[in-house]
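Visitor: The numbering of the sequence shown is the working numbering, which starts it at 678 and goes up by one.
One structure coming up, written as structure tokens, with questions to follow.
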Amino acid sequence: MKPKGGDRDHMRDLIEQAAADLAASNHAVVLTGAGVSTESGVADFRGPKGIWTTNPKAEAQAYQRYERFLDDPRAYWEEMLGAVGTSSNFYQQIRKVAPNPGHYAIARLEHLGIVKLTITQNVDGLHEKAGTRNVIHYHGTVEKLRCLSCGSRFSIDEYSLERLPPLCRCGRPLKYDVVHFEEPIPSDVMDAAEAEAMKCDVMLICGTSAVVYPFAALPAMARSRGRGGSGVKIIEVNAEPTPLTHQGISDYLIQGKTGEILPLVVDEVTKLSPERDKRS
Ligand SMILES: [Zn+2]
């Protein structure tokens with residue numbers, strides 16, 4: 678245990694430890710959740726001023742959204758675009774938000790050749806805006822449309838959305854790529870994420886309490902491979918302890934805001950591996 682008043686030293690130790698683990702890794706992956714994006718001002722749903730707290734009808738609508746699409750794709754799109762009902766064009770608003778230092782730090786770790794892939798629960802596309810190239814959108818993204826029949830995805834910018842619903846090249850209606858309630862995670866996404874959990878030697882979990890399944894199973898899957906050696910180091914950067922902390926799935930928690938801690942980790946990594954810094 679650290680002596681009294683050693684909290685700051687303890688934090689410093691953990692940041693150095695994370696940097697050392699990342700610098701020594703061969704295949705580090707990052708998992709991110711809402712905590713990374715709330716620092717960019719992306720509205721949450723269930724907080725005091727959350728979208729659903731202030732508008733319960735919108736929550737009820739959200740639970741019916743997937744079925745709505747299956748029943749009537751045009752009505753789905755009219756709701757999504759704010760033409761009818763209680764839904765404002767929330768997804769269009771998200772697309773105007775900018776990344777924060779946490780997103781940029783993750784992109785930097787990828788550019789340094791350390792992080793190989795980022796798996797995010799966030800639908801906002803902010804990792805790419807910050808410069809991260811390899812991203813799995815576990816719950817889809819507002820930047821794309823997806824065909825449930827053939828699995829094709831298209832940039833939303835390819836569609837004017839004047840004629841609804843937008844149609845896939847296969848002729849079927851497209852929905853937002855975002856995975857709605859009751860909608861299965863696309864199998865290509867689930868398979869790719871699980872393969873990474875079985876392959877990584879460091880898993881850096883940022884801004885997620887990891888309680889939403891099946892995403893929440895990824896850390897446990899990695900942990901089942903053991904600690905160190907042929908196993909995996911699991912590092913958490915979260916505002917509060919989570920089930921991953923309590924259940925000993927993570928090796929350690931660096932407690933705080935991702936936008937403050939991740940840039941400090943990157944600073945330490947570049948001190949440890951200056952040759953990597955030159956390559957980027
Ligand atoms: Zn299609």
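All residues carry an ideal CB built from backbone N, CA and C; glycine is no exception.
As the structure is a computational prediction, the values presented were derived from the model and not from experiment.
#1: Evaluate V889 with the Cβ neighbour count: other Cβ atoms within 10 Å of its Cβ, from every protein chain shown; 16 or more gives buried, anything less gives exposed.
#2: Can you tell me the Cβ-Cβ gap for E873 and L794, rounded? I've got them flagged as a contact below 8 angstroms.
#3: Establish whether the CB of L758 and some CB of chain D are separated by less than 7 angstroms.
#4: Can you tell me where the beta strand (DSSP E) holding L822 begins and where it ends?
#5: With respect to the beta strand (DSSP E) encompassing Y853, which residues constitute its N-terminal and C-terminal limits?
#6: How many Å lie between A899 and Y929 at the Cα?
#7: Buried or exposed: which applies to S957, given that a residue is buried once 16 or more other Cβ atoms fall within 10 Å of its Cβ?
#8: Return helix, strand or coil for A720, following the three-state DSSP convention.
#9: Could you check which residue in L941, V946 and G884 has the C-alpha nearest to that of T922?
#10: Scan the segment 850 to 928 and note each continuous beta strand (DSSP E) run of 3 residues or more that stays entirely inside, going in chain order.
#11: Compute the minimum distance between the beta carbon of R823 and the heavy atoms of ligand 1, and state whether it is under 6 angstroms.
#12: From what residue to what residue does the alpha helix (DSSP H) around I692 run?
#13: For the alpha helix (DSSP H) that contains T715, what are its first and last residues?
#14: Check this for me: beta carbons of Y753 and E860, under 7 angstroms apart or not?
#15: Classify I791 as helix, strand or coil using the three-state DSSP reduction.
#16: Distance check for R846 and G808, CA to CA, integer angstroms please.
#17: For E716, tell me which candidate among E937, L949 and S950 has the shortest Cα-Cα distance.
#18: On a Cα-Cα basis, can you pick out the residue from A893, I813, E736 and R772 that is closest to I833?
#19: Which of the three DSSP states is assigned to K679 in this structure?
#20: Any heavy atom of ligand 1 inside 6 angstroms of the beta-carbon of R849?
#21: Answer with buried or exposed for F722, where buried requires no fewer than 16 other C-beta atoms within 10 angstroms of its C-beta.
#22: Quick check: is any heavy atom of ligand 1 less than 6 angstroms from the C-beta of C845?
#23: Could you check whether the Cβ of S886 sits closer than 6 angstroms to any heavy atom belonging to ligand 1?
#24: Which same chain residues end up closer than 7 angstroms to D698 when comparing Cβ atoms and leaving out the 5 residues on each side of it in sequence?
#25: Kindly identify the DSSP beta-bridge partner or partners of T797.
#26: Quick check on the DSSP output: the beta strand (DSSP E) that includes R830 runs from which residue to which?
#27: Heavy atom of ligand 1 less than 6 angstroms from the Cβ of S829, yes or no?
#28: Check whether the Cβ of S837 lies closer than 6 angstroms to any heavy atom of ligand 1, and answer yes or no.
#29: Looking at the unbroken alpha helix (DSSP H) that takes in E945, where does it start and where does it end?
#30: What does the Cβ neighbour count give for G905, buried or exposed, with the cut at 16 atoms within 10 Å?
Guide: The short version:
#1: exposed
#2: 6 angstroms
#3: Annotation note: the requested chain D is absent from the structure, which comprises a single protein chain.
#4: K821 to C824
#5: L851 to Y853
#6: 15 angstroms
#7: Caution applies to S957, whose pLDDT of 46 falls short of 50 and renders its modelled position unreliable; the model cannot decide the point.
#8: coil
#9: G884
#10: 851 to 853, 879 to 883 and 910 to 915
#11: no
#12: D684 to A700
#13: A711 to T715
#14: no
#15: coil
#16: 29 angstroms
#17: E937
#18: R772
#19: Note on K679: pLDDT 45, under 50, position unreliable in the model; no value is reported.
#20: yes
#21: exposed
#22: yes
#23: no
#24: V879, K910 and I912
#25: T709 and H814
#26: R830 to S832
#27: yes
#28: no
#29: T935 to L949
#30: exposed
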